[in-house]
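Asker: Protein chains in written order, with this note's numbering: chain A, 6 to 263; chain B, 6 to 263.
Think of the CB as a built atom: it goes at the ideal place given N, C-alpha and C, for glycine as much as any other residue.
Keep in mind it's a predicted model, so treat the numbers as computed, not measured.
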DNA sequence: CGGTATCTTGACTGTTGTCAAGCCCCGTGG
DNA sequence: CCACGGGGCTTGACAACAGTCAAGATACCG
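(1) Taking 9 Å as the threshold (beta carbon to beta carbon), is residue 250 of chain B in contact with chain A?
(2) Is the Cβ of residue 148 of chain A closer than 9 Å to any Cβ of chain B?
(3) If you compare alpha carbons, which of B/84, B/139, B/153, B/164 is closest to residue 116 of chain A?
(4) For a minimum of 3 consecutive residues, which ranges assigned as the beta strand (DSSP E) are wholly contained in the region 48 to 115 of chain B?
(5) Is the shortest distance between the beta-carbon of residue 116 of chain A and the beta-carbons of chain B less than 9 Å?
(6) Take residue 220 of chain A as the anchor and find which of A/105, A/231, A/180, A/205 has the nearest alpha-carbon.
(7) Round the Cβ separation of residue 126 of chain B and residue 204 of chain B to the nearest angstrom and send it over; I've been treating them as touching at under 8 Å.
(8) Select from A/252, A/54, A/41, A/47 the residue whose C-alpha is nearest the C-alpha of residue 156 of chain A.
(9) Please work out which residues of its chain come closer than 6 Å, Cβ to Cβ, to residue 254 of chain A, disregarding the five sequence neighbours upstream and downstream, and give them in chain order.
(10) Going along the chain, which unbroken runs of the beta strand (DSSP E) with 3 or more residues stay wholly within the region 172 to 257 of chain A?
(11) Give me the DSSP bridge partner(s) of residue 128 of chain A.
(12) Using 9 Å as the limit for Cβ to Cβ distance, is residue 126 of chain A near chain B?
(13) Quick one: is residue 223 of chain A buried, meaning 16 or more other Cβ sit within 10 Å of its Cβ, or exposed?
(14) Quick one: does residue 196 of chain B have its CB under 9 Å from some CB of chain A?
(15) Would you mind giving the Cβ-Cβ distance between residue 51 of chain B and residue 139 of chain B, rounded to the nearest angstrom? I have them listed as a contact below 8 Å.
(16) Under 8 Å Cβ-Cβ, which residues of chain B neighbour residue 175 of chain A?
(17) Thinking C-beta only, is residue 249 of chain B closer than 9 Å to residue 257 of chain B?
(18) Around the C-beta of residue 94 of chain B, are 16 or more other C-beta atoms found within 10 angstroms, so that it is buried, or is it exposed?
(19) Is the beta carbon of residue 134 of chain A closer than 9 Å to that of residue 185 of chain A?
(20) Please classify residue 91 of chain A as buried or exposed, where buried requires at least 16 other C-beta atoms within 10 Å of its C-beta.
(21) Roughly how far, in whole angstroms, is the beta-carbon of residue 129 of chain A from the beta-carbon of residue 215 of chain A, given that I think they are within contact range, below 8 Å?
(22) For my contact list, residue 226 of chain A and residue 211 of chain A are in at a C-beta cut-off of 8 Å; report their separation, rounded to the angstrom.
(23) Distance cutoff 9 Å, beta carbons only. Does residue 69 of chain B sit that close to anything in chain A?
(24) Between the alpha carbons of residue 36 of chain A and residue 112 of chain A, how many angstroms are there, rounded?
(25) From the beta carbon of residue 10 of chain A, is the nearest beta carbon of chain B less than 9 Å away?
(26) According to DSSP, what are the bridge partners of residue 137 of chain B?
(27) By Cβ distance, which residues of its chain are closer than 6 Å to residue 232 of chain A, with the 5 residues on each side in sequence left out?
(28) What is the C-beta distance between residue 62 of chain A and residue 33 of chain A, in whole angstroms, given that I count them as a contact (C-beta under 8 Å)?
(29) If you measure beta-carbon to beta-carbon, which residues of the region 149 to 161 of chain A are closer than 7 Å to chain B?
(30) Taking only three categories from DSSP, how would you classify residue 156 of chain B?
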């Protein structure tokens, strides 16, 4: 419920010379090191410049700040630059259900496209920054740049695949399997960003994880306890160290590499 | 595993004079009475003609026939004209997990866009027919017809919203709620097609429903028993009659209309 | 340094899964 | 037309995993 953007303050604290996407909020798509994960994949240099013209860059948020609210008018999609975000639906009785976890290079807000209203709220789990891409401008540009249209079709397709994977995960009822799969998901997404796949910090609380996976926070806690006892992961509060990756994959019923 | 198409046979049985989409397999998009539900929404007459040029119409399938297989190369998306279809994922150990139920006017196959391979298999639950839309042609045409691009963005957005609704449904762990929500979903989709929202036939077996909802078939059966005992629905095998719609919505925790 | 949010652990309960038996419906073939 | 067979469905008994409630410990923020 804090509408205040801290973009200005954040920008002052970070010297412009730092040409790294996740620390410098005012960098362009062409210079952003997340480019190869984010929207610009499949675009050439000239096309990226045109994309840059419609992307509002470098806004920052701190923990608890909203990116958008459920049922609010859909105007833009958001590319995560730094930090982590969750999306959640609030039902009439006030219950919150976490529907997504988003890390740098990923795109949020696509659940608003069909109905012109966001289907969920998005909130920062820690200090972070993002780029805003007004959807109507993206649509216009997509008709002019076929490779951008193709990229965005594929991006939406990815979201569909991701959601269906979550669905099958949550339908298959083993709590251990769900938690293991979440750890592996974070691990592989970290790996893509050249971060350690075996040592990371959970961006969500036990309650959020539980809500996301369809179990209670107590169960999440107990599963972490079990996995630790089996020497598969080391859990120190939010700090996770994967000790036995094959065993973790076995529990998650993931057989192939990642 | 039956690759045989019965299009030819089917076409013979139905007189061409019947200008109704779901019975005449060789009707065009412009004439199809599902047009207002399907891909052509938001297109004008001239644009629909161009869409018609890329749509392969009127193929028919009988129960158990595959529309496409998991991991097979993604070539096209499919618009359902008649009948009902399910999508499912097969995991390495042979377990099948139902991931979707598709009724006339709905589009299947979008889970193949991002990776160029279908993420699930699609099979006919009864005799039915469909239109095939080669994706690369749709992409080409979309760059030329902005309203088609917009329509397809929205269609994919709808799929994302639908999947996320399933996710929240399956996460919230009441079996009664899940079954009630499925009944309501079928009911409202029937309503859109001008069919009875209170009296319909379940296209899936108990086992399929259970797999889709993340419960066992026995639980599905018991829930139907409970709902019947409460005089909320009348269940006669696959035949469903909704007697107390408000009560059903209450169980499904749907408060609003639809 | 104090207060609150988060996390862990325990005991008990309950819904759902599992296993098993039997029924019903429907299509097939005699 | 009827007998047969098999898939689909129902129902019951029991067990187990996870939910609920509660208390206490720990971490984090101002």
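Answerer: Taking the structure as given:
(1) no
(2) Interface residue, yes.
(3) B/164
(4) 61 to 66, 71 to 73, 81 to 87, 90 to 95, 101 to 107
(5) yes
(6) Comparing Cα-Cα distances from residue 220 of chain A to each of A/105, A/231, A/180, A/205, the minimum goes to A/180.
(7) Rounded, the Cβ-Cβ distance is 30 Å, inconsistent with contact.
(8) A/47
(9) none
(10) Runs of beta strand (DSSP E) with 3 or more residues, each lying fully within the region 172 to 257 of chain A, are found at 204 to 206, 238 to 241, 244 to 247, listed in chain order.
(11) A/71, A/91
(12) no
(13) exposed
(14) no
(15) That pair is no contact at about 21 Å.
(16) Ordered by position in chain B, the residues that pass the 8 Å Cβ test against residue 175 of chain A are 172, 175, 176, 219.
(17) With respect to the 9 Å criterion, residue 257 of chain B and residue 249 of chain B are not classified as neighbours on the basis of their beta carbons.
(18) buried
(19) In this structure, the beta-carbon distance from residue 185 of chain A to residue 134 of chain A does not fall below 9 Å.
(20) buried
(21) Not a contact, Cβ separation roughly 20 Å.
(22) So it is a contact: roughly 6 Å between Cβ atoms.
(23) no
(24) Rounded to whole angstroms, residue 36 of chain A to residue 112 of chain A spans 18 Å at the Cα level.
(25) Unreliable positioning characterises residue 10 of chain A in this predicted model, as indicated by a pLDDT of 39, which lies under 50. A coordinate reading is not provided.
(26) B/61, B/83
(27) Here the set comprises 238.
(28) 7 Å
(29) Of all residues in the region 149 to 161 of chain A, only 151, 154, 155, 158, 159, 161 place a beta-carbon less than 7 Å from a beta-carbon of chain B.
(30) helix
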